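Numbering (my numbering), first residue to last: 1 to 740.
Cβ coordinates follow ideal geometry from the N, Cα and C atoms, glycine included.
None of these values were measured; they are calculated from a predicted model.
Below: the structure, in structure tokens.
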């Protein structure tokens, strides 16, 4: 993993996070713009195996093939009512002699307990230790539980007094060490021969490879299956993702059957360069020995075109029922770092050493939008514009994987809504083949198609928002896979403008204290903003405790000009991470206000700290010319030195306002601070009765003191100006305090 780079503006690779979500998934079903739930930095898991499902899968037969254009990851969803499900209950405490559970309600301690007898005549006492009890204890946080012997004692002391009849006191131990508990584990078999993979740590996606030969790759990095770092904030390198096959029956094969395992791989792609000490590894599993064997590996390096690996199976240990294979990566665990990508995984019989061709024809990337410049615009704005805003240069990339020249065919883009076709565009095969008579062998082709004449998304449709299903299809005149010849996305019109395709391949941000980031938008009409959607990505360093101030600027000579809105010092924001894949957070303007903007404006932030805040960057669509940053308090503005689109979306006030969870503006009430200026002690007089203390800030935004009463001890503050914020009424303005 790389050491931090000292630059004023830094880009850092991070994950796609998910399997290319459609644009319709960008907004939740109830149209609430809170697109994700906050995810804590420290993930917690259950401390018991109770109600855990243990899954077993079906066994596959040859051939095994996946080029990742479709989802062949097995879903393991526990179902208590599934046919054939079984269960087993494990108990925490067992009798050591019989291995049977002890009765419920019995408790024991690990300290020696006794019966003490006191003689009031001689004023002496004697102790008789209780006999120990041999138990076995199961750790119910691990599966399978392994019993360990423990020595236990009754959980009480008895005190007798000689000379006083029937006086005996029993003192019970509070919270004894050992008590009976149980956990029930359920066993479920999952069978689906169309699925190949049993784990989900590696990421199937359509956007992370550089010039992939098909529509979809699998990416390995330092993120778990939820798109969160394995060890956030750590410099540790270790094995991260795994991609493991289901068991495969090879018992009827031998080395003479010419079994070969093939795949394509690529380091970096559109992601992060893996270091020379990082690696991608392939392992085979010998079921008879219950052991994994290292078969192949490659060290990290800069990107290059996908390379083929072609390996024979010759060892007899692998020709059994229960053979498996897996890929895993070694690299940084604090984010989507040190990337490797694989494609066209193929295990088959009757192959040969020169059978290395993946003969196929495919789309390489999906299309993200049919609109010019944007991937989404507010429905109100689109419906009102008289301009044709359909894209005049839709990019389509295909790959002919045949070893011969192949005839082209026309393609098509079809738009559907509600199951009905709304319109279509023809994709001339001559253009798809870049003007060539045929598709040449093993060649990529990139073409651009003008959609600005003909069909337009219907502007007379009723409703507060609209979605359209868009399917792109290409083909060639030879037998090949059809699953990667087409892609589908949803063109959504909601309440925001967006440049990005919903997937973050990198993270970026300025790195100077008080630096500013601004993204320019040319809207279809003047209107009012409610706030902004931001996608912050967890990568390398947790910055969720850092502060920034949302800002909206006028446009002035192509750069940010006068400030139209900026959070005040009482309402700083913080980057927030989400549970889920590629989700956005919603940041409304303070007090629920609406900010009027013209058709050209900038929106972004001023940050307090010098660290990078890691805003998501889509590296498939390039609108870097709309990104500006300043590290000299807005004196000069620059574009970043890389391509991509910022995952920042201004939210407009539209017909959707009535279904959004908009904050209500608070009634402004005044505070009084006296004496002001102050030398020793000042008093805060609040208009509210439910105050729970105040925070004292320097003008830089740094918190200086927390107070729990309405008294400010000025002797603890250096002379100067300060701002006071209520811990309860954070939107209420408070006057400056001057300390002399």
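- Around the beta-carbon of residue 430, fewer than 16 other beta-carbon atoms lie within 10 Å, marking it exposed.
- Boundaries of the alpha helix (DSSP H) harbouring residue 431: 429-432, taken from the DSSP string.
- Taking the C-beta atoms as reference points, residue 539 is found no nearer than 8 Å to residue 594.
- Secondary structure in the stretch 397-451: the beta strand (DSSP E) runs of 3 residues or longer, each lying completely within the stretch, are 411-417, 420-427, 443-449 in chain order.
- Its chain contains 452, 456 as the residues whose beta carbon lies nearer than 7 Å to that of residue 388, once the 5 sequence neighbours on both sides are disregarded; these appear in chain order.
- Taking 8 Å as the cut-off, the Cβ atoms of residue 537 and residue 616 count as close.
- Our two residues, residue 98 and residue 88, have alpha carbons roughly 19 Å apart in a direct line.
- About 10 Å separates the CB atoms of residue 534 and residue 578; that is not less than 8 Å, and the two are not in contact.
- With 16 or more other Cβ atoms inside 10 Å of its own Cβ, residue 197 counts as buried.
- For the set 70, 449, 521, the Cα lying nearest the Cα of residue 425 is the one of 449.
- The Cβ atoms of residue 639 and residue 627 lie closer than 8 Å to each other.
- At a Cβ-Cβ threshold of 8 Å, residue 71 and residue 365 do not count as neighbours.
- Taking a cut-off of 8 Å for Cβ pairs, the stretch 185-197 and the stretch 287-307 do not touch, as fewer than three such pairs fall below it.
- The alpha-carbon separation between residue 236 and residue 288 amounts to approximately 34 Å.
- Each residue's CA atom was taken as its position, placing residue 246 and residue 56 some 9 Å apart.
- The beta carbon of residue 244 sits closer than 7 Å to the beta carbons of 197, 198, 199, 324, 326 from its chain, once the five residues preceding and following it are set aside; these are given in chain order.
- For residue 380, the uninterrupted alpha helix (DSSP H) segment begins and ends at 379-384.
- Here residue 127 has 114, 116 as same chain residues with Cβ atoms under 6 Å from its own Cβ, once five neighbours each way along the sequence are excluded.
- Residues of the same chain with a CB within less than 8 Å of the CB of residue 588, apart from the 5 flanking positions on each side, are 530, 531, 651, 662, 663 in chain order.
- Between residue 255 and residue 314, the alpha-carbon positions lie close to 5 Å from each other.
- Where residue 61 is concerned, there is no enclosing beta strand (DSSP E), because DSSP gives it neither an H nor an E.
- Taking 8 Å as the cut-off, the beta carbon of residue 499 is found no closer than this to the beta carbon of residue 377.
- A Cβ-Cβ separation of about 15 Å leaves residue 397 out of contact with residue 475 under the 8 Å criterion.
- With contacts defined by Cβ atoms closer than 8 Å, residue 363 and residue 485 form a contacting pair.
- Annotation: residue 305 to residue 339 spans about 14 Å, alpha carbon to alpha carbon.
- Rounded to the nearest angstrom, the gap between the Cα atoms of residue 503 and residue 367 is 13 Å.
- In chain order, 250, 253, 254 place their CB closer than 6 Å to the CB of residue 319, counting only its own chain and leaving out the 5 sequence neighbours on each side.
- Taking the Cα positions, residue 685 is about 6 Å away from residue 673.
- Secondary structure of residue 392 (DSSP, three-state): coil.
- With contacts defined by Cβ atoms closer than 8 Å, residue 603 and residue 546 do not form a contacting pair.
- In the DSSP assignment, residue 149 falls within the beta strand (DSSP E) that extends over 148-152.
- Put simply, the backbone Cα of residue 146 is about 6 Å away from that of residue 138.
- The criterion of a C-beta distance shorter than 8 Å is not satisfied by residue 220 and residue 233.
- DSSP places residue 518 within a strand segment (E or B) once states are collapsed to three.
- Exposed is the label assigned to residue 716, since fewer than 16 other Cβ atoms lie within 10 Å of its Cβ.
- DSSP places residue 319 in the coil class of the three-state scheme, outside both helix and strand.
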